[in-house]
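Written below as structure tokens is the structure these notes are about.
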Amino acid sequence: LAGKLIDFAERHHGPVWWEAFIDEDDLLEPPAFGMPVVIYHVPKEGETLADQFAYAAPVLDADERVVLQAQRNAWLSVWEVTDVTPGTAFAATDALSGESRVVSDTRASESVIPGSHILARVLTAGDDSVLATAHTNLLSPGIALEVVERARKRLRRKRNVPTERLRDPRFCYALV
């Protein structure tokens, strides 16, 4: 799916296609950690690259369509690890939305511990969740608390934040 999406982007927007979707003042310079934000959340003339891709509809099988929709529904946030099954999965709760997931990830489940925090996009399709994008550095509880407090202040929310607000690209840039 990723290959098809990038081929589509290059055909329709050129070899540095992401420049069509970001402003000069954007804080995330793709192709780095911010690429999924650019692909799935930054609109150009009302549509994200993922929207354009879905409508132009190269032939996608059922699994690819499920993954594409799950990517479009994911959001960037600070996830607190609440339980770990090493080598298999970990449970996490989004510190901003309050959503909880059991994330299947063999590598991450070997390196996280309960109480650690991850800046990540968690992709969920049905009952299955995986890390779609995760920052390479874990956040300590103190740093995570500071990030969450600043995010809530920016969003003017004391309680759970609706996930659609967490998909806003300007908020994603500020969170990073």
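Going left to right, the sequence shown walks through residues 2 to 177 as my numbering numbers them.
The beta carbon of each residue, even a glycine, is placed where N, CA and C say it ideally should be.
Keep in mind it's a predicted model, so treat the numbers as computed, not measured.
In this structure, how does DSSP classify residue i when only helix, strand and coil are distinguished?
i, result
"aspartate 52", "helix"
"leucine 77", "strand"
"lysine 5", "helix"
"serine 98", "coil"
"valine 82", "strand"
"leucine 69", "helix"
"leucine 132", "strand"
Tell me which residue opens and which closes the alpha helix (DSSP H) that residue i is part of.
i, result
"arginine 153", "142-156"
"threonine 164", "164-167"
"serine 105", "No alpha helix (DSSP H) contains serine 105, which is instead part of the beta strand (DSSP E) from 101-105."
"isoleucine 171", "At residue 171 the sequence reads arginine, which differs from the isoleucine that was named. Looking at the DSSP string, the run of the alpha helix (DSSP H) that includes arginine 171 is 170-176."
"valine 38", "36-42"
Quick check on the DSSP output: the beta strand (DSSP E) that includes residue i runs from which residue to which?
i, result
"isoleucine 119", "118-126"
"phenylalanine 91", "90-95"
Could you compute how far the alpha carbon of residue i sits from the alpha carbon of residue j?
i, j, result
"leucine 1", "glycine 88", "The first residue shown for the chain is 2 and the last is 177, placing residue 1 beyond what the model contains."
"cysteine 173", "valine 60", "30 Å"
"asparagine 138", "isoleucine 119", "8 Å"
"proline 16", "leucine 167", "29 Å"
"proline 37", "threonine 134", "7 Å"
"arginine 151", "glutamate 46", "30 Å"
"serine 78", "serine 98", "8 Å"
"aspartate 129", "alanine 10", "28 Å"
"histidine 14", "alanine 21", "7 Å"
"isoleucine 114", "arginine 73", "28 Å"
"valine 104", "arginine 158", "26 Å"
"arginine 153", "threonine 86", "30 Å"
"valine 162", "arginine 122", "15 Å"
"tyrosine 56", "arginine 12", "15 Å"
Leaving out five residues before and five after residue i in sequence, what residues of the same chain have Cβ atoms less than 6 Å from its Cβ?
i, result
"threonine 107", "Gly88"
Near residue i, what residues of its chain come up, given a Cβ to Cβ distance below 8 Å and the 5 sequence neighbours on each side ignored?
i, result
"valine 68", "Leu2, Leu124 and Ala126"
"arginine 155", "Phe172 and Ala175"
How about residue i: is its Cβ closer than 7 Å to a heavy atom in the ligand FAD?
i, result
"glutamate 65", "No copy of the ligand FAD occurs in the structure displayed, which carries no ligand at all."
Given residue i, which residues of its chain have a CB within under 7 Å of its CB, disregarding the five upstream and five downstream residues?
i, result
"valine 43", "Phe22, Ile23, Thr49 and Pro170"
"proline 142", "Gly116 and His118"
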